[in-house]
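Everything on this sheet refers to the single structure shown next.
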Amino acid sequence: MMNYFVVHLNRLDYRGRLASGEAIGSGAVERAAKTLGLRLKARGARWRHKNAKAMAALICCRHTAQWDLFWSRPA
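Heads up: the sequence shown runs through residues 2 to 76, numbered per this note's numbering.
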């Protein structure tokens with residue numbers, strides 16, 4: 002594991018990301034996966050594949066700048 006981090010030290014830039022307030026962990030991804038799982042597994046819920054993919058896309062962009070962009074687009 003140490004070899005991986007040493008090789009990718011410049012690309013990862015944890016110190017710079019922390020300083021700018023960016024996330025460096027997988028918490029946001031795990032939160033989105035949990036939200037998606039709860040939504041898709043709701044009691045009595047039935048999902049078509051294309052609708053489940055659309056719901057996944059919405060949940061994934063929910064806490065990003067893409068969320069506002071998505072809702073500001075003309076229909």
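C-beta atoms are modelled at their ideal positions from N, C-alpha and C, and glycine is treated no differently. Since the model is a prediction, treat every value here as computed from it, not as a measurement.
Alpha carbon to alpha carbon, what distance is there between D14 and G26? 13 Å
Anticipated Cβ contact below 8 Å, A57 with L37, distance rounded: The pair is a contact, with the Cβ atoms about 5 Å apart (cut-off 8 Å).
Which runs of the alpha helix (DSSP H) spanning at least 4 residues fall entirely within the region 17-58, listed in chain order? Entirely contained in the region 17-58, the alpha helix (DSSP H) runs reaching 4 residues are, in chain order, 28-41.
Near C62, which residues of its chain fall below 7 Å by C-beta distance, leaving aside the five closest residues on each side in sequence? Only W68 and F71 meet the Cβ criterion.
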